[in-house]
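There are 2 protein chains.
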Amino acid sequence: MVDLYEGLMTTRAMRRFTDEPVAEDDIRACLRAAVQAPSGGNIQPYQFLVVTDPDLRRAIGAVYLRAWERYEPAVAKVSPPARDEDAARRQARNVAASDELARALADVPVHVLVLMPKISMVVADDEGEMDVGPTYASVYPAVQNFILAARSRGLGTVLTTVYRVYEDEVRELLDVPDRYEVVALLPLGHPRGRWGVAPRRPAESLTSWERFGQRRG
Amino acid sequence: MVDLYEGLMTTRAMRRFTDEPVAEDDIRACLRAAVQAPSGGNIQPYQFLVVTDPDLRRAIGAVYLRAWERYEPAVAKVSPPARDEDAARRQARNVAASDELARALADVPVHVLVLMPKISMVVADDEGEMDVGPTYASVYPAVQNFILAARSRGLGTVLTTVYRVYEDEVRELLDVPDRYEVVALLPLGHPRGRWGVAPRRPAESLTSWERFGQRRG
Numbered sequence: 008m009v010d011l012y013e014g015l016m017t018t019r020a021m022r023r024f025t026d027e028p029v030a031e032d033d034i035r036a037c038l039r040a041a042v043q044a045p046s047g048g049n050i051q052p053y054q055f056l057v058v059t060d061p062d063l064r065r066a067i068g069a070v071y072l073r074a075w076e077r078y079e080p081a082v083a084k085v086s087p088p089a090r091d092e093d094a095a096r097r098q099a100r101n102v103a104a105s106d107e108l109a110r111a112l113a114d115v116p117v118h119v120l121v122l123m124p125k126i127s128m129v130v131a132d133d134e135g136e137m138d139v140g141p142t143y144a145s146v147y148p149a150v151q152n153f154i155l156a157a158r159s160r161g162l163g164t165v166l167t168t169v170y171r172v173y174e175d176e177v178r179e180l181l182d183v184p185d186r187y188e189v190v191a192l193l194p195l196g197h198p199r200g201r202w203g204v205a206p207r208r209p210a211e212s213l214t215s216w217e218r219f220g221q222r223r224g
Numbered sequence: 008m009v010d011l012y013e014g015l016m017t018t019r020a021m022r023r024f025t026d027e028p029v030a031e032d033d034i035r036a037c038l039r040a041a042v043q044a045p046s047g048g049n050i051q052p053y054q055f056l057v058v059t060d061p062d063l064r065r066a067i068g069a070v071y072l073r074a075w076e077r078y079e080p081a082v083a084k085v086s087p088p089a090r091d092e093d094a095a096r097r098q099a100r101n102v103a104a105s106d107e108l109a110r111a112l113a114d115v116p117v118h119v120l121v122l123m124p125k126i127s128m129v130v131a132d133d134e135g136e137m138d139v140g141p142t143y144a145s146v147y148p149a150v151q152n153f154i155l156a157a158r159s160r161g162l163g164t165v166l167t168t169v170y171r172v173y174e175d176e177v178r179e180l181l182d183v184p185d186r187y188e189v190v191a192l193l194p195l196g197h198p199r200g201r202w203g204v205a206p207r208r209p210a211e212s213l214t215s216w217e218r219f220g221q222r223r224g
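Sequence lines, in order, name chains A and S. Residue numbers for the first sequence follow the working numbering, beginning at 8 and rising by one. Residue numbers for the second sequence follow the working numbering, beginning at 8 and rising by one.
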């Protein structure tokens, strides 16, 4: 049993996995937790696609690796330099782990894709159209619930969108209709790493009180 | 102590609150959990704005109520009819609770706004620009962590974006620069309701296996 708050604080991205298979019951439990996340008007605007077939995972892995090999150098070029040596070391470690994942994705026992319909509801009245917020607001909370539910079952995953460089190819491989955007890939397995508080900019430095820009210690 | 998986399954939207004030320590704990959520390249593209001042909450409440009074009828007009009587009853209850929240928002002790910079990184190479996914993917997981952390401290909240109808007014009230999108409002307090598994379309009906459209029991 993992304590809720402890789980929130120590669930981190896992990019290296053992060969141990994942029980279908565990996958289903993660999906059940995912749908309990909030969605606007309770519309649940998502679909999940669970891929365990080795040939399909190999095919996804091949597309993903090509995407990663374009993505990584292009992102590196526009990323701000690390603030200090510690940050630089951490960044290098993350890139190395992401590179390893891109090369080993086919071996991760389960690939969960999260799909979101592209059609958005137009809400209007006599005064005109209203901004009712992005549909993503109703999808990524479910993704986070999935990640946390995996943790509660001893499973690790990482939220990645790198495949989007070649999203059309991923859709085609898996018969996903064009009307869906693939908003997340969650490679799921038994993690090699340990859970722990991941390095982050502290909340205090990102929080204003009462009015924007008013910091409080 | 709440078990992680249990917490994921039973954290539901809370729209009615007691008058009990919220400890600043609890708000800070929720924010610390929020920033532990994953973000692409660990960029943490969000800011939080915590409003407790009664005059500011009243001002936000007034804007929110005007937004709600345009939003609700306009959404009702385009929403599909409920599938059955149970669903219709639930929907009516939710609208009633949302209406109550819109009228009582000023009294909710804490309003947390989540801000996201509008500027997005352009990633490109010789072959052209790359789709690296929406920035929302790096923000709403943090919002969900906040909601769950609140739960772990006995606090309730609800993710709402209704204020977006008049987002400019909210920004102006709180000195939020134009370069930020207000992506969530989280009214935070001690809930009147009980935690429990909220009604959802079941995960099985939203899940394909191996290829899109292949259902499995």
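Ideal Cβ positions, reconstructed from N, Cα and C, are used throughout, including at glycine. Computed from a predicted structure; not experimentally measured.
{"Asked": "Could you please give the first and the last residue of the uninterrupted alpha helix (DSSP H) stretch that includes D62 of chain A?", "Found": "61–85"}
{"Asked": "Can you pull the DSSP bridge partners for P194 of chain S?", "Found": "S:H118"}
{"Asked": "What residues from chain A crowd round E134 of chain S, counting only those whose CB sits closer than 8 Å?", "Found": "R77"}
{"Asked": "Shortest alpha-carbon distance to V169 of chain S belongs to which of S:R73, S:E27, S:Q221?", "Found": "S:R73"}
{"Asked": "Measuring CB to CB, does D138 of chain A end up less than 8 Å from E176 of chain S?", "Found": "no"}
{"Asked": "Look up T214 of chain S in the DSSP assignment and give the residues it is bridged to.", "Found": "A:F55"}
{"Asked": "Cα separation between Y143 of chain S and G224 of chain S?", "Found": "32 Å"}
{"Asked": "Please report the Cβ distance between V58 of chain S and E179 of chain A, rounded to the nearest whole angstrom; I am assuming they are in contact, meaning their Cβ atoms lie under 8 Å.", "Found": "The Cβ separation is near 47 Å, so there is no contact."}
{"Asked": "Let me make sure I understand the geometry here. Which of A:P88, A:Q98, A:D133 has the alpha-carbon closest to that of A81 of chain S?", "Found": "A:D133"}
{"Asked": "Which first and last residues belong to the alpha helix (DSSP H) in which A205 of chain S is found?", "Found": "Looking at the DSSP string, A205 of chain S is not in any alpha helix (DSSP H), and its letter there is neither H nor E."}
{"Asked": "Counting C-beta neighbours from all protein chains within 10 Å, is the total for P194 of chain S 16 or more, i.e. buried, or is it exposed?", "Found": "buried"}
{"Asked": "By alpha-carbon positions, which one of S:G135, S:R23, S:V42, S:L11 ends up nearest to T214 of chain A?", "Found": "S:V42"}
{"Asked": "If you compare alpha carbons, which of S:V29, S:V85, S:V117, S:G161 is closest to A131 of chain A?", "Found": "S:V85"}
{"Asked": "Can you find the residues in the same chain that come closer than 8 Å, C-beta to C-beta, to S127 of chain S, ignoring five residues on each side of it along the sequence?", "Found": "T142"}
{"Asked": "Which term fits G203 of chain A, buried or exposed, when burial requires 16 or more other beta carbons within 10 angstroms of its beta carbon?", "Found": "exposed"}
{"Asked": "Q51 of chain A: buried (16+ other C-beta within 10 angstroms of its C-beta) or exposed?", "Found": "buried"}
{"Asked": "What ranges does the beta strand (DSSP E) occupy inside the region 122–172 of chain A, keeping only unbroken runs of at least 3 residues that lie completely in it?", "Found": "130–132, 135–137"}
{"Asked": "Taking only three categories from DSSP, how would you classify E27 of chain A?", "Found": "coil"}
{"Asked": "Between F24 of chain A and chain S, is the shortest Cβ-Cβ distance under 8 Å, so that the two count as touching?", "Found": "no"}
{"Asked": "Could you work out which residues of chain A lie near P124 of chain S, taking near to mean beta carbons separated by less than 8 Å?", "Found": "Chain A residues near P124 of chain S: none, gap ~11 Å exceeds 8 Å."}
{"Asked": "Check D91 of chain S in the structure and name its three-state DSSP category.", "Found": "coil"}
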